[in-house]
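Participant:
Numbering (full-length UniProt numbering), first residue to last: 1 to 681.
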């Protein structure tokens, strides 16, 4: 056997070893820096706990419920000045007042058509039978028979629940806001899809509109548009317009380049390419955007009851204020039915457009006209009957299913409270005394300057210098707004709810990410949780736990958990299959595979899930104020209902925005650091 010379290969081996050593050394150095950072963070927290015991109750800047700072008084005076100039200021005379009048008249006109007595009649122009017929006809023409049957059953259910008028008021506000949102959003979305510059300008505005808690802009809107339908419509549009803009722009941008090139080569002008190519191909996506806008509008239309918006939201709000679980459940059930009907109709319309485009089985123009003519003729007959005859205009009063639902929900609530009181109290006490009270004592009981120093230091360690600067500025603003103590109470509640959300997110998200069958079962539930109006969550939770801070936490968890679970599942599913196979081949157990491979490699997605969960929790702050959470949520609600506290309510809304910006920036920066860090470190 001939010996193989080793000398020529030695330098190569040495160089490779040296090259490999450098990254390893850098990795170890980075690991040591992170370890030192963790030790330093622990030391900061330990020092904070010790100092909070010594300095407890000092410089907490606590403010009584009816107490006002000079800033709050100044805001009250400013709002009074705006009210006084409403009929003399040119901005109001020639712009805002006309917008308010147009919006009020638009909602009132739709109400006159379908819900409220009008034009000297004791009933609306179109009664329940006609409205049900028109809605069913729309579902049949743009969806299918199954969706049409669901629509007819859903609208009939509104009457059976004894909530026909309230349901139609909600539908009137929702339809008005949706039409205006689509009229603004679709052209803007098309423009953003065609122009990179417009897209860059619009994106940050949409980010602010979607991340800002919905309740924050209710108070400023009432300042300009007064309490009522106009403010509710604008608030709904602010919340509902961004989805259609984003999704429309995405649909326009996703048109295949070769299709556009073929159109151009045939001599199409840009306008012709838009009408004949881009819009038809993006039609399915635009309908999806319209679906999201409708669901967002319905959700906000119920929440807008806080500013005297008509409809089911007002019924739920009154029931919550009187702890009437039966009435709240009945109205909440009507909201859910409306959400399901609207979602299924628009989803079916989108699927029908896509199926016809792919299969080419669209009916011919003549067949389509015949079908539409027959359906519309039947709907017209029902509209005529409901316009002429009282029995077809007013839903039969003997239908009392709603009273049985109220009694059943109330009895079920009492039974659950009596039967499960041991378990619900144990869970409530565990979270309240084990997590919430210690967090609140630490944040709200420590001197404000100590909390500010700790938060800035932790932001610097976890997220970097820029996040620390933003945190410092945000904390100073909270002091200047005069609501430091309430902000810290809200922050404690938010952190506890986010912690619970992330526990659920990791457990359920990992389960979904590892099992396709579990994903198929849980995903529809999570989708329903995301689209269901937030008020509905409070009804069963209030029945279980009563009006307490814990109720607000559970409602926030129910609202935020679906988003976090989905994000964690996607992150786990995105882990390299090669790494998973290698770990499995190496003999790793399931727990080792999850804890040593999948979770570390998915930590960027998990951090993003925590960030989004925290923002969603914070957006439930005001609703939490309705059920005993207190702090900033109560301040905002009190600002709507008590004239002397308007300025304080506005300041509380601004404080929620400041908290949201601070937490969002810290979490985003931490997520970026996690994404940039190798999983092995």
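Cβ atoms here follow ideal geometry from the backbone N, Cα and C, with glycine treated the same way.
1. Figure out for me which residue from 315, 237, 323 and 670 has the closest Cα to the Cα of residue 206.
2. Would you kindly work out how many angstroms separate the C-alpha atoms of residue 189 and residue 180, rounded to a whole number?
3. Which residues bound the alpha helix (DSSP H) around residue 458?
4. Would the C-beta of residue 59 count as close to the ligand SAM, meaning under 7 Å from any of its heavy atoms?
5. Classify residue 423 as buried or exposed, calling it buried when 16 or more other Cβ atoms lie within 10 Å of its own Cβ.
6. Short check: CB of residue 155 to CB of residue 334, under 8 Å?
7. I'd like to check one pair, residue 290 with residue 233: are the Cβ atoms closer than 8 Å?
8. Would you mind working out which of 599, 489, 505 and 101 sits nearest residue 634, comparing C-alpha positions?
9. Mind reading off the beta-carbon distance from residue 349 to residue 143? Whole number of angstroms is fine, and I expect it under 8 Å.
10. Let me make sure I understand the geometry here. Which of 482, 478 and 224 has the alpha-carbon closest to that of residue 81?
11. Pick out the complete alpha helix (DSSP H) segments inside the segment 388 to 437, 4 residues or longer, and give them in chain order.
12. Less than 8 Å between C-beta atoms, sequence neighbours within five positions excluded: which residues of the same chain meet that for residue 112?
13. Excluding five sequence neighbours on each side, which residues of the same chain lie with their C-beta closer than 6 Å to the C-beta of residue 166?
14. Once you ignore the five residues that flank residue 177 on each side, which residues in its own chain have a CB closer than 7 Å to its CB?
15. By alpha-carbon positions, which one of 643, 659 and 658 ends up nearest to residue 68?
16. Along the alpha helix (DSSP H) that carries residue 96, what are the first and last residues, could you check?
17. Please state if the CB of residue 331 and the CB of residue 319 are separated by a distance shorter than 8 Å.
18. Suppose contacts are defined by Cβ-Cβ distances below 8 Å. Is residue 288 in contact with residue 245 by that definition?
19. Excluding the 5 residues flanking residue 378 on each side, which residues of the same chain have their C-beta closer than 8 Å to its C-beta?
20. Rounded to whole angstroms, what's the CA-CA distance from residue 590 to residue 597? Just pull it up for me.
21. Pick out whichever of 127, 185 and 84 has its Cα sitting closest to the Cα of residue 380.
22. Can you tell me whether DSSP reads residue 542 as helix, strand or coil?
23. Under 8 Å between the Cβ atoms of residue 458 and residue 41?
24. Taking only the alpha-carbon atoms, compute the straight-line gap between residue 268 and residue 342 and give it to the nearest angstrom.
25. Relative to the C-alpha of residue 102, which residue among 382, 228 and 510 is closest?
26. Entirely within the segment 96 to 157 and at least 4 residues each: give me those alpha helix (DSSP H) ranges in chain order.
27. To the nearest angstrom, how far is the alpha carbon of residue 105 from that of residue 97?
28. Look at the alpha carbon of residue 467 and the alpha carbon of residue 161, and state the distance between them as a whole number of angstroms.
29. Exposed or buried, residue 587, counting other C-beta atoms within 10 Å across all chains shown (16 or more means buried)?
30. Which residues bound the alpha helix (DSSP H) around residue 79?
31. Under the rule that 16 or more other beta-carbon atoms within 10 Å means buried, what is residue 522, buried or exposed?
32. Can you find the residues in the same chain that come closer than 7 Å, C-beta to C-beta, to residue 613, ignoring five residues on each side of it along the sequence?
33. Which of the three DSSP states, helix, strand or coil, is assigned to residue 280?
34. If I follow the unbroken alpha helix (DSSP H) through residue 693, where does it start and stop?
35. In chain order, what residues of the same chain have a beta carbon less than 6 Å from the beta carbon of residue 663, not counting five sequence neighbours either side?
36. From this set, 669, 546 and 553, which residue's C-alpha is nearest residue 416's C-alpha?
Facilitator: Let me spell this out:
1. Looking up residue 206 in the chain shown gives position 206. A check of alpha carbon separations from residue 206 across 315, 237, 323 and 670 identifies 237 as the nearest.
2. Indexing the chain shown from 1 puts residue 189 at position 189. Indexing the chain shown from 1 puts residue 180 at position 180. CA-to-CA, the gap between residue 189 and residue 180 works out to about 14 Å.
3. For the purposes of this step, residue 458 is identified with residue 458 of the chain shown, where counting begins at 1. Per DSSP, the continuous alpha helix (DSSP H) segment holding residue 458 begins and ends at 448 to 463.
4. With respect to small molecules bound, the structure shown includes none, and the ligand SAM cannot be examined in it.
5. Residue 423 sits at position 423 when you count from the first residue of the chain shown. With fewer than 16 other Cβ atoms from the protein chains shown falling within 10 Å of its own Cβ, residue 423 counts as exposed.
6. In the chain shown, the residue the question calls residue 155 occupies position 155. In the chain shown, the residue the question calls residue 334 occupies position 334. When the beta-carbon positions are compared, residue 155 and residue 334 stay at least 8 Å from each other.
7. For this step, residue 233 is matched to residue 233 along the chain shown. For this step, residue 290 is matched to residue 290 along the chain shown. For residue 233 and residue 290, no; Cβs fall outside 8 Å.
8. Counting from 1 along the chain shown, the entry for residue 634 is found at position 634. The shortest C-alpha separation from residue 634 is found at 489.
9. By one-based count along the chain shown, residue 349 stands at place 349. By one-based count along the chain shown, residue 143 stands at place 143. The Cβ separation is near 6 Å, so the contact holds.
10. As a first step, residue 81 must be located in the chain shown, where it is residue number 81. Checking every option, the nearest Cα to that of residue 81 belongs to 224.
11. 390 to 393, 401 to 419 and 421 to 431, all fully within the segment 388 to 437.
12. For the purposes of this step, residue 112 is identified with residue 112 of the chain shown, where counting begins at 1. The beta carbon of residue 112 lies closer than 8 Å to those of 118, 119, 124 and 125 in the same chain, with the five residues before and after it left out.
13. Your numbering for residue 166 matches position 166 in the chain shown. So the list reads 311, 312 and 315, once near-sequence residues are dropped.
14. In the chain shown, counting from the first residue as 1, residue 177 sits at position 177. Correct list, in chain order: 233, 236, 237, 240, 297 and 301.
15. Position 68 of the chain shown holds residue 68. Closest option to residue 68, Cα to Cα, is 643.
16. Mapped onto the chain shown, residue 96 falls at position 96. Here residue 96 belongs to no alpha helix (DSSP H), and DSSP marks it neither H nor E.
17. Looking up residue 319 in the chain shown gives position 319. Looking up residue 331 in the chain shown gives position 331. Going by C-beta atoms, residue 319 is nearer than 8 Å to residue 331.
18. Residue 288 sits at position 288 when you count from the first residue of the chain shown. Residue 245 sits at position 245 when you count from the first residue of the chain shown. Not closer than 8 Å, so no.
19. As a position in the chain shown, residue 378 is number 378, starting the count at 1. Closer than 8 Å at the Cβ level, and outside the excluded window around residue 378, lie 133 and 137.
20. Start at 1 with the first residue of the chain shown, and residue 590 comes out as number 590. Start at 1 with the first residue of the chain shown, and residue 597 comes out as number 597. Distance from the CA of residue 590 to the CA of residue 597, rounded to the nearest whole angstrom, comes to 10 Å.
21. For the purposes of this step, residue 380 is taken as the residue at position 380 of the chain shown. The residue with the shortest Cα to Cα distance from residue 380 is 127.
22. As a working mapping, residue 542 is identified with position 542 in the chain shown. DSSP, reduced to helix, strand and coil, places residue 542 within a helical segment of the structure shown.
23. As a first step, residue 458 is located in the chain shown; it is residue number 458 there, counting from the start. As a first step, residue 41 is located in the chain shown; it is residue number 41 there, counting from the start. In contact: residue 458 and residue 41 (Cβ atoms closer than 8 Å).
24. Your numbering for residue 268 matches position 268 in the chain shown. Your numbering for residue 342 matches position 342 in the chain shown. Cα to Cα, residue 268 sits roughly 37 Å from residue 342.
25. Along the chain shown, read from residue 1 onward, the residue named residue 102 stands at position 102. It is 228.
26. Qualifying alpha helix (DSSP H) stretches, in chain order: 97 to 114 and 128 to 142.
27. Within the chain shown, the letter at position 105 stands for residue 105. Within the chain shown, the letter at position 97 stands for residue 97. Rounded to the nearest whole angstrom, the C-alpha separation of residue 105 and residue 97 is 12 Å.
28. Against the chain shown, residue 467 aligns to sequence position 467. Against the chain shown, residue 161 aligns to sequence position 161. Each residue's Cα considered, the two are about 51 Å apart.
29. Position 587 of the chain shown, counted from the first residue, corresponds to residue 587. By the Cβ neighbour-count rule, residue 587 is exposed, with fewer than 16 other Cβ atoms within 10 Å of its own.
30. Looking up residue 79 in the chain shown gives position 79. Per DSSP, residue 79 belongs to the alpha helix (DSSP H) from 70 to 84.
31. Position 522 of the chain shown, counted from the start, is the residue given in the question as residue 522. In summary, residue 522 is buried, with 16 or more beta-carbon neighbours lying within 10 Å of its beta-carbon over all protein chains present.
32. Locating residue 613 in the chain shown gives position 613, where the first residue counts as 1. Apart from the 5 residues on each side of it in sequence, residue 613 sits with its Cβ closer than 7 Å to the Cβ of 498, 501, 502, 505, 560, 563 and 564 in its chain, given in chain order.
33. Position 280 of the chain shown holds residue 280. In the structure shown, residue 280 sits in a helix (DSSP, three-state: H, G or I).
34. Residue 693 lies beyond the stretch modelled for the chain, which goes from 1 to 681, so this question has no answer here.
35. One-based indexing of the chain shown puts residue 663 at position 663. So the qualifying residues of the chain are 614.
36. Looking up residue 416 in the chain shown gives position 416. Considering only alpha carbons, the answer is 546.
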